Amino acid sequence: MTELQQTVTFAVFAAVVLCITTSWLDMAVAALLGVSALTLFGIFDHQDILEAARNSDGSLALLFGGMVMARVLEPTKIFDHLGTRFLRLTKGSGKRFLLGLVALVSTLCAFLPNATTVVLLAPVIVRICRQLGVDFVGPMVLTAIASNSAGMLTLVGDPATFMVGSAVGLSFNRYLLTMSLGGILALLVLMALLPLLVGEIWRLRRELPGDLVPEPVRWPRLCGVLLSVLAGMIGLFLVGDGLPNPIVPPAASIIGASVALLVVHGARMEPITDVVRDVDWKTLLFLFCMFCLVQAVVKTGLVERFSTSMVETFGTRIAVVAIVVLVGVGVGSTIIANIPLVAAVLFLVKSYFVIAELVPEEALTRSFIAWPEAYLPVFAAMMFGGTLGGNATVIGASANVVSAGICAAQGRPISFFRFMRYGVPVTLAQLVLGTLYVQAMFLIL
Amino acid sequence: MVMDRRCRIRWATVALWAALVAVVGEGARPALAGDTLERVRSTGVVRCGVHNGLVGFAAPSEEGRWSGMEVDFCRAVAAAVLGNADKTVLVPTLASARFPLLKSRQVDVLLRRTTWTLGREAAFEVHFAGILFYDGQSFLVPREGPVRAVEDLDGATICLVKGTTHERHLADHFRARGMAYRLAMADSHSAAVEAYRRGECTALTGDASALALVASTSGPGIAGDRVLPGFIAKEPLGPVVNRGDEEWLTIVRWVLFALIEAEERGVTRERARELRAATRDPGLAAFLGEPPGPGKSLGLADDWVLRVVESVGNYGEIFARHLGAESPAHLERGLNRLWRDGGLLYAPPFR
Numbered sequence: 035m036t037e038l039q040q041t042v043t044f045a046v047f048a049a050v051v052l053c054i055t056t057s058w059l060d061m062a063v064a065a066l067l068g069v070s071a072l073t074l075f076g077i078f079d080h081q082d083i084l085e086a087a088r089n090s091d092g093s094l095a096l097l098f099g100g101m102v103m104a105r106v107l108e109p110t111k112i113f114d115h116l117g118t119r120f121l122r123l124t125k126g127s128g129k130r131f132l133l134g135l136v137a138l139v140s141t142l143c144a145f146l147p148n149a150t151t152v153v154l155l156a157p158v159i160v161r162i163c164r165q166l167g168v169d170f171v172g173p174m175v176l177t178a179i180a181s182n183s184a185g186m187l188t189l190v191g192d193p194a195t196f197m198v199g200s201a202v203g204l205s206f207n208r209y210l211l212t213m214s215l216g217g218i219l220a221l222l223v224l225m226a227l228l229p230l231l232v233g234e235i236w237r238l239r240r241e242l243p244g245d246l247v248p249e250p251v252r253w254p255r256l257c258g259v260l261l262s263v264l265a266g267m268i269g270l271f272l273v274g275d276g277l278p279n280p281i282v283p284p285a286a287s288i289i290g291a292s293v294a295l296l297v298v299h300g301a302r303m304e305p306i307t308d309v310v311r312d313v314d315w316k317t318l319l320f321l322f323c324m325f326c327l328v329q330a331v332v333k334t335g336l337v338e339r340f341s342t343s344m345v346e347t348f349g350t351r352i353a354v355v356a357i358v359v360l361v362g363v364g365v366g367s368t369i370i371a372n373i374p375l376v377a378a379v380l381f382l383v384k385s386y387f388v389i390a391e392l393v394p395e396e397a398l399t400r401s402f403i404a405w406p407e408a409y410l411p412v413f414a415a416m417m418f419g420g421t422l423g424g425n426a427t428v429i430g431a432s433a434n435v436v437s438a439g440i441c442a443a444q445g446r447p448i449s450f451f452r453f454m455r456y457g458v459p460v461t462l463a464q465l466v467l468g469t470l471y472v473q474a475m476f477l478i479l
Numbered sequence: 640m641v642m643d644r645r646c647r648i649r650w651a652t653v654a655l656w657a658a659l660v661a662v663v664g665e666g667a668r669p670a671l672a673g674d675t676l677e678r679v680r681s682t683g684v685v686r687c688g689v690h691n692g693l694v695g696f697a698a699p700s701e702e703g704r705w706s707g708m709e710v711d712f713c714r715a716v717a718a719a720v721l722g723n724a725d726k727t728v729l730v731p732t733l734a735s736a737r738f739p740l741l742k743s744r745q746v747d748v749l750l751r752r753t754t755w756t757l758g759r760e761a762a763f764e765v766h767f768a769g770i771l772f773y774d775g776q777s778f779l780v781p782r783e784g785p786v787r788a789v790e791d792l793d794g795a796t797i798c799l800v801k802g803t804t805h806e807r808h809l810a811d812h813f814r815a816r817g818m819a820y821r822l823a824m825a826d827s828h829s830a831a832v833e834a835y836r837r838g839e840c841t842a843l844t845g846d847a848s849a850l851a852l853v854a855s856t857s858g859p860g861i862a863g864d865r866v867l868p869g870f871i872a873k874e875p876l877g878p879v880v881n882r883g884d885e886e887w888l889t890i891v892r893w894v895l896f897a898l899i900e901a902e903e904r905g906v907t908r909e910r911a912r913e914l915r916a917a918t919r920d921p922g923l924a925a926f927l928g929e930p931p932g933p934g935k936s937l938g939l940a941d942d943w944v945l946r947v948v949e950s951v952g953n954y955g956e957i958f959a960r961h962l963g964a965e966s967p968a969h970l971e972r973g974l975n976r977l978w979r980d981g982g983l984l985y986a987p988p989f990r
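Note that the protein sequences, when read in sequence, are chains Z and A.
Under the working numbering, think of the first position of the first sequence as 35, with each following residue one higher.
Under the working numbering, think of the first position of the second sequence as 640, with each following residue one higher.
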């Protein structure tokens, strides 16, 4: 990429972000125009599009599957049913609702893809909020934030944790021992901030009608079959990778959606055209365009070039490097999808260690996992930054975009700044926590 | 989530337009232009990672002018691609920083005395364009000392530079023979030399050529010290480029072959242009750029070989100037002779 192309890339990316933040243009149109501009300047070609699709880690397939599952289940009224049941558990208390919501999302997202979880839970959340008579925007945003935060709980909870963890040879159990506590603390920080973020709902006490009973499910047998398909899809998320013919989560998502559509077609429940039409294509399009734009930014190679400067500036003071990485990745993740950013910073950090001669040059390769324990906190810092930084803005993570898309589809669009009112305080508090956690790791390891 | 018909039509239109733009954009890209060549042409410079200070390969003069085999190879690439050997940016680098530098695309060609190994080419996802210098790992020992062969180094302290392949070769060689040793690691070549000069180690290990240069150019305390005969490991040094840009790899590789071929054909810096005009050999004329020369298939000018040789000379001239008879080092060509002279240098046909 030439210097001019690099400049154009950053200018286009900045312009797209500006259009989104100021709402001058629809998010998807802004992103699409950005991709078009890069294509016209010869910066982006079909190889880059394939690379962007690969780096998106199957996010679009995961989302498509979740959207189809949520859509096919909708006519069965299962979400109304579950919503009412959840509402009864809250006993009309906003506090119970919020804490229960964070706990539920966290549990699911420790194992399931974040954005898919948001898609599946959204209909329930919207119904509960309507029954409680509160605005669903706050809980929807919190659902996205909780789902991102919960990504820290397990090695497979977020692509960023998986990417970094795999690169340094962390096993699932080793991750549980060293990193999961950080995820739990991040969620506790979110819970502690709930009264400030959604105080109105937190303080809500609503007398529920005594005769509040869950609405009966329509077509219970069909609903049962569709829920079985959903369970199968989730099962494949969890164990598909270990099958003799591995099925990765995005593939499981497509398989689940296909079988669900077959069930709908076979039961003559409704035309498949209607189901497919209602998929949130705009959100999928926006996300894909953002992946492409981020791919172009990463392709400039700018991030990787800081390694020599890091050695010159910080020497071998790796505790300082860890803070710089955490803050840098955290801030970067607020506007850049964390997967390509973390991939670039991973190379940067590995290069730093090699140039500083703290590890052999083989550490740059994919196969090297013999990282000394003492350097693990730097990689932990990357996980904190990559996973939690995305909470700050609506474009920081796929789950946020999906959440905003659902709110818009329900007639309550979220502006960039409205999302930030929830996201920024949480992100700041969580990144401070992350910094303390990483520094504690230096003392312990 | 329900989209009305107008909304759907709008999105479909936008998507179609984007697809059209993608197709048009792709069609507009030159079919042969790789990213590196494109970047080199647009910026007008070739960036090379070179040694941070080893006379004969890459080192600055007192006036700050860099010279050496690596520098000349970089100039040759610039002459081939840009028609001007001065259009280079030399990036002196530590051994440990060379692959990060290449992988982050801060250099277009990495030289920096980099040994071609399977592990590096496969794991770093790079390509070695060929072998610029056949070297091997050996030891520099005091002239009057008791060490006459590698076997005499059992239990010795060995000075070496961190981040190179020498440490592993040393370990493998000594372990295989049940020999003990201690390491005195240094951050750079000059630091290792100084440690050796101060007597912190019995021997200094490194590439034989570098050790010979040390012995011939390092002055009191080292001058005249001996490089032990034989190699404990092969160290073929060559230019490296990133994987994924085969067009650039091909250019760099054939610049190297051009230098070798020029020596084989007797094309020298002084006589190159004259030879081109006078020769009756169509093969030589084409080699030197008589249309159709060897440039078109590489996306270079027909006379790129002529420009290369006129700028830096042929391989033999480069060697003589920096390492051989015309240099303070007076190194033998050894394995770096042409194949017909018993060496390993061999260029495929330029047709």
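The beta-carbon is built from N, C-alpha and C at its ideal position, and this holds for glycine as well.
Given the structure is predicted, the values throughout are model-derived calculations rather than measurements.
Going along chain A, which residues have a C-beta under 7 Å from residue i?
i, result
"G335 of chain Z", "S743 and R744"
"R339 of chain Z", "S743 and Q745"
"T342 of chain Z", "A736"
"E346 of chain Z", "Here the premise fails: no neighbours, minimum Cβ distance about 11 Å."
Tell me whether residue i sits in a helix, a strand or coil according to DSSP, three-state version.
i, result
"W705 of chain A", "strand"
"I797 of chain A", "strand"
"F767 of chain A", "strand"
"G845 of chain A", "strand"
"E909 of chain A", "coil"
"L123 of chain Z", "helix"
"N881 of chain A", "strand"
"T732 of chain A", "strand"
"T754 of chain A", "strand"
"V685 of chain A", "strand"
"T804 of chain A", "coil"
"P930 of chain A", "coil"
"P284 of chain Z", "helix"
"F402 of chain Z", "coil"
"Y471 of chain Z", "helix"
"V832 of chain A", "helix"
"Q745 of chain A", "coil"
"G68 of chain Z", "helix"
"S777 of chain A", "strand"
"A697 of chain A", "strand"
"Y820 of chain A", "strand"
Please list the partners that residue i has in chain A, where partner means a Cβ-to-Cβ separation under 8 Å.
i, result
"S401 of chain Z", "A762"
"I389 of chain Z", "L733, S735, A736 and P739"
Going by the CB atoms, is the gap between residue j and residue i shorter than 7 Å?
i, j, result
"N182 of chain Z", "A433 of chain Z", "yes"
"L923 of chain A", "V944 of chain A", "no"
"V435 of chain Z", "L321 of chain Z", "yes"
"E736 of chain A", "H808 of chain A", "The amino acid occupying residue 736 of chain A in the given sequence is Ala; Glu does not appear at that position. Not in contact: A736 of chain A and H808 of chain A (Cβ atoms no closer than 7 Å)."
"P284 of chain Z", "A431 of chain Z", "no"
"L224 of chain Z", "V460 of chain Z", "yes"
"T110 of chain Z", "R252 of chain Z", "yes"
"V139 of chain Z", "T195 of chain Z", "no"
"S777 of chain A", "V866 of chain A", "yes"
Starting from the beta carbon of residue i, find every residue of chain A whose beta carbon is closer than 9 Å, and list them in chain order.
i, result
"L398 of chain Z", "F738, P739, K742, A762 and F763"
Can residue i be considered in contact with the ligand FAD, in the sense that its beta carbon sits closer than 6 Å to one or more heavy atoms?
i, result
"M174 of chain Z", "No copy of the ligand FAD appears in this structure; indeed no ligand is present at all."
- Item | Within 9 Å of chain A by C-beta, residues of the region 372–387 of chain Z in sequence order | Answer in chain order: F381, L382, K384, S385 and Y386.
- Task: Give, in chain order, every residue of the region 855–871 of chain A whose Cβ lies closer than 8 Å to some Cβ of chain Z.
- Result: Listed in chain order, the positions of the region 855–871 of chain A with a beta carbon within less than 8 Å of a beta carbon of chain Z would be empty, since no residue qualifies.
- Enumerate, from N- to C-terminal direction, the unbroken alpha helix (DSSP H) stretches of 4 or more residues contained entirely within the region 205–275 of chain Z. As far as the region 205–275 of chain Z is concerned, its whole alpha helix (DSSP H) runs of at least 4 residues are 206–212, 214–231, 233–236 and 254–273.
- Task: Only counting runs of 3 or more residues, tell me where the beta strand (DSSP E) segments fall wholly within the region 406–458 of chain Z, in order along the chain.
- Result: Within the region 406–458 of chain Z, no beta strand (DSSP E) run of at least 3 residues lies entirely inside it.
- Fully enclosed by the region 282–338 of chain Z, which alpha helix (DSSP H) runs are 4 residues long or longer? When DSSP assignments are scanned along the region 282–338 of chain Z, the uninterrupted stretches of alpha helix (DSSP H) that are 4 or more residues long and fall wholly within it turn out to be 283–300, 306–311 and 315–333.
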